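Have a look at the structure below before the remarks.
Protein chains in written order, with the UniProt record's numbering: chain A, 1 to 545; chain B, 1 to 545.
Written as C-alpha cells, this is what we have:
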C-alpha cells in the first residue's frame, strides 16, 4: 500500500489543470521535481532485481482513486500463469550474509565485455553531423555499481533479469509516464516490453480467446491485424474521418452487436493509434478521445493505446511555403511542450481500462527493441508473468545504453528537448513532402489531408476517374496503379494492406507514403514520380516542368 | 533450390567420420574453410534485409537428403499466419534507382548514437582481470557499411529488421551450426531468437493445442513447464537415470498412451536439455541419444533440443583432489575439441524432426537476449512469421555487438577457444564444489553424481532417514530441509520446483545447487553450510573442524 497523502508533498509540481481530475486536484510530478523524489526514496537494482513502478511514483498518486478490476476478463492462458518459484526465491537474497547456490545465473566474470562506450549527443548538438563531430562518450563499466560510479553496470544488465525489466529502466519510464500523462488513478504501473508489436500480441493473448473480435480502425496497422489473424482474432473495422475513428459508428457497431450472427461475444478489446495513425496519418483531437473513452466506458472496453508517434505532433500545415510553417515548433518550456500535446487516453483513464504502449522505435531507434506499457498494477502483474516465460526482458545492452543516455546523460528534461528536436525534423520533412505534393500530384485524381503527427501521408485516389474503373475491382485497380508507381521506380504502400476487414467491401482507393525514411531530395523526387505515374495511369497529360 | 553438388567442392573440410552419415559421406564445413566459402558468395545486409541460411551454407549440403515435412502438424495459429505485405514489398527495393516511400522505417539520421565501442578480450587474454586491463576496443560506427569499413553498422542494426534476424548474425550462426553439427539433411535453416525461453514458447504455440501434453524429463526446467501451464500444455514426465531420460520408460508411456483416459492425443513434442540438464545436471551419452532419437522416429515426435550448456561438457571428475582433474580440458585443435563433444540431436537428425535451441546466455551473457534455433526450412519459415508479429528480431545493439565480437573480432576459431576457456573455468568450479561436498556433506543422508556438463549439482536427500519422515509429506519435508538450509544463510533450489508433473507422486527428495554464480570462496562456504543444515535437520552430530 502506498503511504497516505500528506498535507504537504515535497515532490509537488505545479497545480494540475487537467479538467478530468477531481476538484481537489493533486499536485503532479514534473521534470524539476524528479531529483527531490529520488532523493527521498531508496533504489535497489542489483542482479535480477524486480522493477515495480510503485517504488518510483510520487506521493501525489496515493490521493487518486483505485482502478477498476479488469482481471476477471483475462483469458484462461493469462489467469493460469504461476510465479516462477526460482524468481520468487530471490526474496531470500536480501537477508544479510546469504549465499546463493539457488538460481542458475552465470557469473559475470565470464562475460567477455569490459565496458560499452557510446557516442551520444553533446549538449543540444542534436544533428547527425554534430553528434558525429562532437560526440559525448558515455561508458558503462562492468562493475560500476560496486565501484559507486553508477546505478547500473554490465555485470547486472548482462545477467538475467525479471519480467518487469530492470529497475533502472522501470524507474525512468515510470517517472516519464507520470510527468507526461499523470494517470488519474492510483495503482498504475509500467512494465518493460521488447517493443509494442510484442506488447500488443501479449494483450491479445491476455484478453481474447480464439474467435473473439477486437475493435480497430477500418484501416489499421497491418502487423496488428496480422497478429490477430494467427490467434483467430479478426478485427472489426470502424469507419474513420480526418480525426480517425468515428464515435457514432463505434457506438452503432457495439450497440447492435449480435452474438448469434457474429458467433462471438461483443468485443472487449479496442486497438487504437490515436496520434499520427498508421496508415492514415490521422490524429484524434482531445474531444474525439473523450467521446471514444466515454463509449469504452459505456460498452466496457479495454483500450490499447499504441502511441509510437505521440511526440511527433506537429504544427498545423499552412499551404504555400515553408516560411510560414514550423515557426512554433520550439516551445519555451518543457511544460509548454507537454501542454501542447493532445492528451493521451492514459491521462483520461479514470477506470484503468487503458493499456498504453510506448515505444522508443520512432524517437530513439527501432533496433533498441525496448519499450514499455502502462496500465493498472493488477493487469501489469499478469503481463509481467507473461514476459517471464516468453521474452523475459529487453536486451541488457539496450537497457544499459538507454539508461545511460536517458537517465544519466540526458535526464527527463533533455530527453524532452530531444523529442522537440525530432518532431521539428519530421515537421520539416512533412512540409517538404506536402509542398512536393502540391507541385506534382494531379489534384483531379488524388487528394490528401496534411497530417498533424507521425510519419504518413494518405492519398485518396479517385478510382472512379480511372480508365479501368468498372472493368477491374478495387484491389485489381489498386494493383494497376501501384505497379504504375513501381514503373516510375517509386514504392508506396497499398491501402488494402491495411484493411482491418480484408473480406469486406471497400469503395475507396488509398495509397500511403512515408516522409520518414528517404533522403529529402529522394522524397521530393519520389512524389514527382508518383505524380507522373498517376498521370500515366489515368491518361492525363504530362506535367510541364 | 541449392545448386547441385559438384565433383569438387571448393569449401571442403576433412572427410566426415560421423557414423550416422551415408556411405558417400559428404565433406563438411570447418573453421578453416569459412573464409573460402564467404569469398565465393555474395553478402547483402542492408536495412531490413532478410537473413536466410541458404545463402550461407556450404555446397556440401546439397548432396544430403531433403527433410520430412512436419508442417502438417502445425497448429491453426501457426498455419494461418500470412507474410507481412509491407515486408514482402521490400523485394522491390533491389531494383536499380528505386525510391522507397513505402515502409515506415525512421531515418537513421535521427538515431542519437554515433558509435558503440566495446571492450572485449585481446588475443587469448580471457580472464576478467586481463579483459579489464588489456581490453581490445571494437567499434561499431553509424555508417561503417557505406564507408566500406564493416559488413554491419548502427544505421542498419538499429533500424527495423526481419523476423529472421539480421543476415550478419544469421550468417555467423549458420556457419557455426554447420561447423559444429553438420545436420545430415539438406534443407536446414537457422532463425535468430530473443532467447530459448521465447523460442520454446514459440514451439509450443506452433505444435501444441490447448489440452495437448508434451514429453519432458520427470524433473525439468521450471520455466518450460510454466510456459506450458499457461497454454494448457502439461508435461508428461519420463523417468530419469544418471544419463537423463530413460528410453524404455519413454517407449512405455507412448506405446501405452490411451487417448480416452488422457483426454488428449499422443504427445508430439518432446522437450529435452540433453547436456548438463537443468536441474539434475545429467548428460545423455551418444548411445542414449541414438536410442531416444529412434523412439522419436517410432512415435513420430518433434524433439526440442534446448542446449544452453552444450559447450560446458567437462572431463570426468576424479575424486580426491584437483590435481588429477581438468588436465585434459585443453584440446590440441578445434577439431579435437568438437570431436570431444557428445553428438547433438541435430547432428543425428536425418528426418528434420529436431528443433535445436542455441543460446549465448551461458557462454557469452544472458542479457544479450539473443539466440537462434535450427530446424528444417519449412518449419523455420513458420517460426520466422511468428517472430514477425511478436518480438520481430533480437535487439540491434545485441546483434551488432555480438557480430563485432564473434564475427569480426574472433571469427569461428577464436570463439571455440573462448568456449574451451569457459568450460575450463566451469570445470574448476565444479571440481571445487565436488571437493567441498566430499568434505562437508554427510553421505549418510545425501548423495550426488558428479555432473559431466553444465552448472548444476543435484543432491538426493535420504528423506526416509529424517526425523519428520512419515509425519510430513514429501513437499512438507522438503520445505523443512530447505528452511534449515536458509537458516544457515544459504539458498538452494527445491527439487519440487522442477516437477514435470506437480500432481504426481514423488518418492524421492532432491535439492539443486549451482556452481555457476557464487564467488568461489562463498561457494565452498555455501556447501559447508548446507552440510551443517543437513546435520541439524537430520539430528546428526556436528562436523568436527
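Just so it is clear, CB atoms sit at the ideal spot from N, CA and C, and this is done for glycine as well.
Computed from a predicted structure; not experimentally measured.
Here residue 393(A) is not near residue 82(A), since their CB atoms are 8 Å or more apart. Looking at 43(B), 456(B), 238(B), 138(B), the one whose alpha-carbon comes closest to that of residue 504(B) is 238(B). Against chain A, the beta carbon of residue 330(B) has no neighbour under 8 Å; the closest one sits roughly 17 Å away.
Taking a Cβ-Cβ threshold of 7 Å, the residues of chain B close to residue 114(A) are 119, 131, 132, 135, in chain order.
The three-state reading of DSSP puts residue 481(A) in helix, counting H, G and I together.
Relative to the Cα of residue 77(A), the nearest Cα in the group 152(A), 203(A), 471(A) belongs to 203(A). When only Cα atoms are considered, residue 114(A) and residue 159(B) end up about 26 Å apart. A straight-line Cα-Cα distance of about 19 Å links residue 433(B) and residue 242(B). Beta bridge pairing from DSSP links residue 28(A) with no other residue. Proximity of chain B to residue 445(A) at the Cβ level (cut-off 8 Å) is not reached, the minimal Cβ distance being about 18 Å.
Taking all protein chains in view, the Cβ of residue 544(A) is surrounded by fewer than 16 other Cβ atoms within 10 Å, so the residue is classified as exposed.
At a cut-off of 8 Å between beta-carbon atoms, residue 448(A) makes no contact with chain B.
At least one CB atom of chain B sits nearer than 8 Å to the CB of residue 367(A). Sequence-distant Cβ neighbours of residue 275(B) in its own chain, meaning closer than 8 Å and more than five residues away, are 283, 284, 307, 309, 310, 312, 313, 342, 453, 454. In the three-state reduction of the DSSP assignment, residue 137(A) falls in the strand class. Secondary structure at residue 457(B): strand, using DSSP grouped into helix, strand and coil.
In this structure, the alpha-carbon of residue 54(A) lies about 10 Å from that of residue 61(A). Distance from the CA of residue 134(A) to the CA of residue 421(A), rounded to the nearest whole angstrom, comes to 17 Å. Among the CB atoms of chain B, one or more fall inside 8 Å of the CB of residue 80(A). In this structure, DSSP gives residue 219(B) an extended state, which the three-state scheme calls strand. With at least 16 other beta carbons inside 10 angstroms of its own, residue 404(B) counts as buried. DSSP, read as helix, strand or coil, puts residue 511(A) in strand. Interface flag for residue 372(A) against chain B is unset, since no Cβ pair is found closer than 8 Å. The way I'd put it, the stretch 99-116 of chain A doesn't touch the stretch 97-106 of chain B; fewer than three beta-carbon pairs between them come closer than 8 Å. Under the three-state reduction of DSSP, residue 349(A) is assigned to coil, being neither helix nor strand.
Residues of the stretch 403-433 of chain A with a Cβ closer than 7 Å to any Cβ of chain B, in chain order: 405, 418, 422, 425.
At the C-beta level, residue 92(A) and residue 534(B) stay beyond 8 Å of one another. Boundaries cannot be given for residue 280(B), as no alpha helix (DSSP H) includes it and DSSP labels it neither H nor E. For residue 119(A), the uninterrupted beta strand (DSSP E) segment begins and ends at 115-120. Beta-bridge analysis with DSSP links residue 153(B) to no other residue. Taking residue 516(A) as the centre and dropping the five residues before and after it, the same chain places the C-beta of 455 closer than 6 Å to its C-beta, in chain order. When Cβ-Cβ separations below 8 Å define contact, residue 89(B) makes contact with chain A.
Residue range 354-359 is occupied by the beta strand (DSSP E) that includes residue 358(B). Here the stretch 205-219 of chain A makes contact with the stretch 258-271 of chain A; the two share three or more CB pairs at distances below 8 Å.
Residue state for residue 499(A) is assigned as strand, using DSSP reduced to three classes.
When DSSP reads this structure, residue 447(B) sits in a beta bridge with 460(B).
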